[in-house]
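Taken in order, these protein sequences are the chains called A and B.
Position 507 of the first sequence, counted from 1, bears residue number 507 in the numbering used here, the numbering being contiguous throughout.
Position 240 of the second sequence, counted from 1, bears residue number 836 in the numbering used here, the numbering being contiguous throughout.
The beta-carbon is built from N, C-alpha and C at its ideal position, and this holds for glycine as well.
Inspection log for the structure reproduced underneath, given as structure tokens.
Protein chains: 2
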Amino acid sequence: MSYQAPLCDMRFVLHELFDISGHCQLLGNGLDRELIDGVLEEGARYAAEVVAPLNRNSDEQGCQLSDGQVRTPDGFAEAYQQYVDNGWASMTGPSEYGGQALPQMLACNFHEMLMGASLSFRVYSGLTEGAVLALYKHGSESLKNTYLHKLVSGQWAGTMCLTEPQAGTDLALLRTKAEPQADGSFKVSGSKIFISGGEQDLSENIIHLVLARLPDAPAGVKGISLLLVPKFVAAADGTPGERNALSCGAIEHKMGIKGASTCVMNFDGATGWLIGEANQGLACMFTMMNDARFQVGLQGLGIGEAAFQGALRYARERLQSRALSGPAEPGKAADPIINHPDVRRMLLTQKSLVEGSRMLAAYCARQLDLEHGHPDAAARKAAGKRAALLIPIVKAFFTDMGQEVASHAVQVYGGHGFIREWGIEQLMRDSRITQLYEGTNGIQALDYIRRKVLGDGGAELSALQAEFSELCDAQVGRPALAELAKSVQARLGEWRELSSAVIAASQRDVQEIGAVSVDFLQYSAYVLLAGFWLQAAARAQDALETGSGEAAFYQAKLQSADFYLRRVLPRASAHRESLLGGADCLMAMDEASFAF
Amino acid sequence: MSYQAPLCDMRFVLHELFDISGHCQLLGNGLDRELIDGVLEEGARYAAEVVAPLNRNSDEQGCQLSDGQVRTPDGFAEAYQQYVDNGWASMTGPSEYGGQALPQMLACNFHEMLMGASLSFRVYSGLTEGAVLALYKHGSESLKNTYLHKLVSGQWAGTMCLTEPQAGTDLALLRTKAEPQADGSFKVSGSKIFISGGEQDLSENIIHLVLARLPDAPAGVKGISLLLVPKFVAAADGTPGERNALSCGAIEHKMGIKGASTCVMNFDGATGWLIGEANQGLACMFTMMNDARFQVGLQGLGIGEAAFQGALRYARERLQSRALSGPAEPGKAADPIINHPDVRRMLLTQKSLVEGSRMLAAYCARQLDLEHGHPDAAARKAAGKRAALLIPIVKAFFTDMGQEVASHAVQVYGGHGFIREWGIEQLMRDSRITQLYEGTNGIQALDYIRRKVLGDGGAELSALQAEFSELCDAQVGRPALAELAKSVQARLGEWRELSSAVIAASQRDVQEIGAVSVDFLQYSAYVLLAGFWLQAAARAQDALETGSGEAAFYQAKLQSADFYLRRVLPRASAHRESLLGGADCLMAMDEASFAF
């Protein structure tokens, strides 16, 4: 399937909505508009011309394991080499290790493009960036000097080795062991499953970040340490040296992302080194996990965009039945199906969800940038709190959204949507993993409410709501936007009340936390997107009033905002009513009675 | 994956909710409870022991086409032979042609079991029953005598050949031709796609029902005729005779139901015979299509049940994390995940949707039975109208529901849900077709509102609402049910108001029909299910009050009803608000602006 990066919308979000040039200045980064647009355009070319053409075949061909070697789909190795050679791998890496230290607000657009072009291909490189972050933040100087340059450049790739058969969500159940050696290294033994890119033929070395227990570790999550375990131990000259005692035991046969190897990794006394303090592995891993969760959110967004593009293309080409109001194209045998209101409903649902999510992604990326790069320490802390609040929403909402949008695309294609050659059903299969990995979406919702909302008694959430409320206040007096602004303002008021009710209920009964979590996250996301749609409408209205830019583009923004408010935002009502239904009706039934 | 027919619930629905024995008496059919339960139990055994074990392999092995022959997955041919030998094929067939003429209200339970055990396997036999109906109702005596016995017994299978590359939803665009011959037969030429079971190795003959145009036919849907085109023309002795000029040109590679052959069928001057009058093909085909749509609804239900069973089994076995309220099973390393409220939310959503839909299926099957078998002509007509109103709801809502329930099952399994060997992701892939074939769910929604609601100015819908309202009135005075009954009554009032608004808006602006159709169908379905849940709760309360049967079963029914009302029914609010958002926000955007 072809894929074209949505450059028009990306530029709108970056420049008009979030002033990325000003953002770069604040971060001390001298990127100007020309450079930013240049990166976007080059990225778009790479995604469309190099990566996207590999995606369909990668699904049919999959990965092959033989003699412990994984063969990735045709073309992946060459595309990965370009990815490294052209500096895409090092975009966000720290400059002291050869990275370009570009802001996430820019990089996330390129990453979205990669996800949309081929999720399978992106899986291999995505975790390396998280590994760089964890190592950079928590690793010893010696480990950093040995491994970071090659990870930043992408010559070496990183993985995250958390899951074991008995330990998925519940890392307390981890059994992998790390035995200290006299030279300060550790011997790591155990078996990990679901390791994305655990073995592959793209990079010359693979650096595994492995959660394991030291011999004297306390039980549970307080006894978990993070270790760096390379496939090849780095030689003194920085090249891959001795082969380590680890191997890929099997690769999984999956519903989707078949071009990405998902490995069982066996560590048989493999040599590793501690990252950070002993028993502090979870905290170190969370540095990586936050990045990974943001990236997985982008996967939902990227696949959503690709699915929307496919559906739109088909809806404009496919001739079937006449418009309800009479022939739209009398010269043709039938009208393009985009004339049918229900097809438009699906397309606009896709468009308004994808574009709404893109605004939230950029906003969240901005917080991540400010957390790491704002000159003021208090501002860094504030941005960190904001990002922490938003990341579970981005991860869970975007990936549910990506699945929904892909499913709408299948529906627009009708029976053809079910046929593999069109490439549309692949998007549904590929995106389904995003709701599961890096913490299922149920776990994201628990993280959101338990740690991020209840964790500070709702303070950060209130601050976010207040920020959006101010944005509404600023627009409510403009006649063209008053209806929209009032409607968003009303939802924000409802959200504040609902938040208080949820916090009170959760403090009264601990089961309420889990009973309302998913609905509360979804509710929050729909209202947040409404806030962003109001902002987009305000910028569009500005542009129409000043006559700058292409009027049709801004008109479409106003129309999408209107559609979102009228036809998508009502879902928030269902989530609100449902969560107010409470925990009792969930907990009442005896376990045995479920089987009747 | 294992599958066990939900006999407990089926017996509850058939005997306690809908008095199937009385229903059979009314139809002049002497089935008693013992016989009915015997059929259910034998059906359950066949589905669980013969069909279900074939399903996982059928997905991996798929179908193979070579030299025009399709090879179905291992075991399908033997299982099909048992299906024929043991009389499952002839359950609903007319008795004059060797059928058992069992009521749909009973048969639909067996069919649901088949769908749950293996949708791919069921696809081959499902359309034969529709072909029997169409031929029985519209065929000439000679055609019926030649073909019906073997179709009823299942020795020969039937297909539906509608779709062509340019003609999916829009049958007006059909090009396949039928040229009359001197002997009264026709030569059929053209290419059909997406023909389920178009070629297979299960039955000794395949009887295609083909839509085609006669030379003098008017353009559009008024020029379509239905023809019977056998793979082997029946010989005088009733055996398969001369091979007809038709062939399978290709089989599709699909997202799911890989064990079902989906064929491109080429008719190269194949001999066929008219069924019904020339140019009346669509009306004849609709006899078949209504049955097929009801069956596809059952597919959603069956897969939903299978997915719920899988999720429940896993949720009771999988140990991960501790319950929020403290360890539920302190002796184990962690608690079974069924202790977590959010897992219960998913399981109860599955359970209440599946069981709610099963009640609607039985209710709809009753109408189908009464339409054909009620002794009174006016009652037959009334039942036909009721069935016609409900069938698009059953088809669209059940199949959306099946997909949702399968997706919840994947989510309960976490990462394992994405791995093929567990068989859970297969349910998502298999069920996805049900939202597309026999008319996409968008088309069902248009049929519902345009033909079934607007067609008689809302009269039949009003009658249905009044019937449910009376059921509420009967329960609202019982203290144990008053809250439930009032809440359903309120929704019914809201539904009546909404219906009036929808009808008025559609009469004002034709675009509103397509703009509100899907939301209105979904809204209607959620409220209908609420009505059935109230009925189930009333029967459960009766049983608890009289102390009959197993109290825990009835207690669970009350709890499921309560859950549905509190946590699922709120979705109706979103559909209501969304559809009131109207058509303007769908139609405003220029086609070109979608691409920005």
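Assigned secondary structure, Asp-864 (chain B) (DSSP; H/G/I helix, E/B strand, else coil) | Stepping through the second sequence from its first residue, residue 864 (chain B) is reached at position 268. Strand at Asp-864 (chain B).
Within chain A, the residues that Glu-1017 (chain B) reaches when beta carbons sit closer than 8 Å = To locate residue 1017 (chain B), count along the second sequence from 1; it is residue 421. Ordered by position in chain A, the residues that pass the 8 Å Cβ test against Glu-1017 (chain B) are His-253.
Are Lys-385 (chain A) and Thr-271 (chain A) closer than 8 Å when you measure CB to CB?
-> Along the first sequence, one-based indexing puts residue 385 (chain A) at 385. Along the first sequence, one-based indexing puts residue 271 (chain A) at 271. For Lys-385 (chain A) and Thr-271 (chain A), no; Cβs fall outside 8 Å.
Ala-930 (chain B): contacting residues in chain A (beta-carbon distance under 8 Å) = Within the second sequence, the letter at position 334 stands for residue 930 (chain B). Going along chain A in sequence order, the residues near Ala-930 (chain B) (Cβ under 8 Å) are Asp-170, Ala-172 and Leu-173.
Are the C-beta of Tyr-743 (chain B) and some C-beta of chain A separated by less than 8 Å?
-> For the purposes of this step, residue 743 (chain B) is taken as residue 147 along the second sequence, with counting starting at 1. Interface residue (Cβ-Cβ distance to chain A less than 8 Å): Tyr-743 (chain B) is not classified as such.
Among the residues of its own chain, which have a CB less than 7 Å from the CB of Ala-1147 (chain B), if the five just before and after it don't count?
-> The sequence position of residue 1147 (chain B) within the second sequence is 551, counting from 1. Correct list, in chain order: Leu-1140.
Exposed or buried, what is Gly-30 (chain A) when buried is set at 16 or more other beta-carbons lying within 10 Å of its beta-carbon?
-> One-based indexing of the first sequence puts residue 30 (chain A) at position 30. It is exposed - the Cβ of Gly-30 (chain A) has fewer than 16 other Cβ atoms within 10 Å.
Could you tell me which uninterrupted alpha helix (DSSP H) segments, each at least 4 residues in length, are contained entirely in the segment 651–708 of chain B, listed from first to last along the chain?
-> 672–681
Beta-ladder partner(s) of Lys-254 (chain A), from DSSP = Start at 1 with the first residue of the first sequence, and residue 254 (chain A) comes out as number 254. B:Ile-1015, per the DSSP bridge assignment.
Euclidean distance between Cα positions of Met-91 (chain A) and Gly-302 (chain A) | Within the first sequence, the letter at position 91 stands for residue 91 (chain A). Within the first sequence, the letter at position 302 stands for residue 302 (chain A). Distance between the alpha carbons of Met-91 (chain A) and Gly-302 (chain A) is about 18 Å.
Compile a chain-ordered list of the residues in the segment 558–576 of chain A whose CB is closer than 7 Å to at least one CB of chain B.
-> Gln-559, Asp-562, Phe-563, Arg-566, Arg-567, Pro-570, Arg-571, Ser-573 and Ala-574
Rounded to the nearest angstrom, how far is the Cβ of Ser-948 (chain B) from that of Ser-1156 (chain B), given a contact under 8 Å?
-> Walking along the second sequence from the start, residue 948 (chain B) turns up at place 352. Walking along the second sequence from the start, residue 1156 (chain B) turns up at place 560. That pair is a contact at about 5 Å.
Determine whether the Cβ of Met-701 (chain B) lies closer than 8 Å to any Cβ atom of chain A.
-> For the purposes of this step, residue 701 (chain B) is taken as residue 105 along the second sequence, with counting starting at 1. False, the Cβ-Cβ gap to chain A never drops below 8 Å.
Pull out every residue of the segment 730–742 of chain B whose Cβ sits closer than 7 Å to any Cβ of chain A, in chain order.
-> Within the segment 730–742 of chain B, no residue has a Cβ that lies closer than 7 Å to any Cβ of chain A.
Determine which residues of the segment 743–760 of chain B have a Cβ less than 8 Å from any Cβ of chain A, and write them out in chain order.
-> If the cut-off is 8 Å between Cβ atoms, the segment 743–760 of chain B has Thr-759 near chain A.
What does a CB cutoff of less than 6 Å around Ala-245 (chain A) pick up in its chain, not counting 5 residues either side in sequence?
-> By 1-based counting over the first sequence, the position of residue 245 (chain A) is 245. Excluding positions up to five away in sequence, the list reads Asp-268, Gly-269 and Ala-270.
Going by CA-CA distance only, name the one from B:Val-1072, B:Pro-1075 and B:Arg-889 that's closest to Ala-983 (chain B).
-> In the second sequence, the residue the question calls residue 983 (chain B) occupies position 387. Minimum Cα-Cα distance from Ala-983 (chain B) among the listed residues B:Val-1072, B:Pro-1075 and B:Arg-889 corresponds to B:Arg-889.
Would you mind giving the Cβ-Cβ distance between Asn-875 (chain B) and Pro-814 (chain B), rounded to the nearest angstrom? I have them listed as a contact below 8 Å.
-> Looking up residue 875 (chain B) in the second sequence gives position 279. Looking up residue 814 (chain B) in the second sequence gives position 218. Yes, Asn-875 (chain B) and Pro-814 (chain B) are in contact; Cβ-Cβ is about 7 Å, under 8 Å.
Contact between the segment 968–982 of chain B and the segment 1018–1034 of chain B: three or more CB pairs below 8 Å?
-> no
Output yes or no for whether 8 Å exceeds the beta carbon distance between Met-401 (chain A) and Gly-300 (chain A).
-> Position 401 of the first sequence, counted from the first residue, corresponds to residue 401 (chain A). Position 300 of the first sequence, counted from the first residue, corresponds to residue 300 (chain A). Yes.
Run down chain B in chain order and give the residues with a C-beta less than 7 Å from the C-beta of Ile-433 (chain A).
-> Along the first sequence, one-based indexing puts residue 433 (chain A) at 433. The contacting residues are Phe-1014.
Would you say Pro-836 (chain B) faces chain A, with C-beta separation under 8 Å as the test?
-> What you label residue 836 (chain B) is simply residue 240 of the second sequence in a count that begins at 1. For Pro-836 (chain B), the answer is no, since every Cβ of chain A falls outside 8 Å of its Cβ.
Which residues of chain A have a Cβ atom closer than 7 Å to the Cβ of Tyr-1033 (chain B), listed in chain order?
-> Within the second sequence, residue 1033 (chain B) is the residue found at index 437, counting from 1. Under the 7 Å cutoff, chain A gives Gly-415.
Nearest chain A C-beta to Lys-818 (chain B) closer than 8 Å, yes or no?
-> By 1-based counting over the second sequence, the position of residue 818 (chain B) is 222. Output row for Lys-818 (chain B): interface = no.
Where the beta strand (DSSP E) containing Ile-338 (chain A) begins and where it ends = Within the first sequence, numbered from 1, the residue matching residue 338 (chain A) stands at position 338. Boundaries for Ile-338 (chain A): no beta strand (DSSP E) harbours it, and the DSSP string shows neither H nor E there.
CB of Glu-795 (chain B) within 8 Å of CB of Val-666 (chain B), strictly = Along the second sequence, read from residue 1 onward, the residue named residue 795 (chain B) stands at position 199. Along the second sequence, read from residue 1 onward, the residue named residue 666 (chain B) stands at position 70. Result yes, Cβ atoms of Glu-795 (chain B) and Val-666 (chain B) sit closer than 8 Å.
Drop a sphere of 10 angstroms on the beta-carbon of Pro-923 (chain B), count the other beta-carbons inside from all chains shown, and report buried for 16 or more, exposed for fewer.
-> Numbered from 1 along the second sequence, position 327 holds the residue referred to as residue 923 (chain B). Exposed.
Could you give the distance in angstroms between the alpha-carbon of Ala-107 (chain A) and the alpha-carbon of Arg-1087 (chain B)?
-> Looking up residue 107 (chain A) in the first sequence gives position 107. Looking up residue 1087 (chain B) in the second sequence gives position 491. Answer to the nearest angstrom: the Cα atoms are 48 Å apart.
Can you find a CB in chain A that lies within less than 8 Å of the CB of Glu-612 (chain B)?
-> Position 16 of the second sequence holds residue 612 (chain B). No, its Cβ sits nowhere closer than 8 Å to a Cβ of chain A.
Three-state secondary structure assigned by DSSP to Leu-569 (chain A) = Here residue 569 (chain A) corresponds to residue number 569 of the first sequence, with the count starting at 1. Leu-569 (chain A) falls in the coil class under three-state DSSP.
Members of the segment 50–76 of chain A that neighbour chain B once the beta carbon cut-off is set at 7 Å = none
Could you tell me if Gly-900 (chain B) is buried or exposed, where buried requires 16 or more neighbouring beta carbons within 10 angstroms of its beta carbon?
-> Position 304 of the second sequence, counting from 1, holds the residue named residue 900 (chain B). Counting the other CB atoms within 10 Å of its CB gives Gly-900 (chain B) a total of 16 or more, which places it among the buried residues.
Any beta-carbon of chain B closer than 8 Å to the one on Ser-321 (chain A)?
-> The count along the first sequence starts at 1 and reaches residue 321 (chain A) at position 321. Interface residue, yes.
Three CB pairs or more closer than 8 Å across the segment 637–657 of chain B and the segment 713–722 of chain B | These segments touch.
Given that a residue counts as buried once 16 or more other Cβ atoms are within 10 Å of its Cβ, and exposed if not, what is Arg-641 (chain B)?
-> Walking along the second sequence from the start, residue 641 (chain B) turns up at place 45. Under this definition Arg-641 (chain B) is an exposed residue.
Please determine if the segment 963–971 of chain B and the segment 126–138 of chain A are in contact, where contact requires at least 3 C-beta pairs separated by less than 8 Å.
-> no
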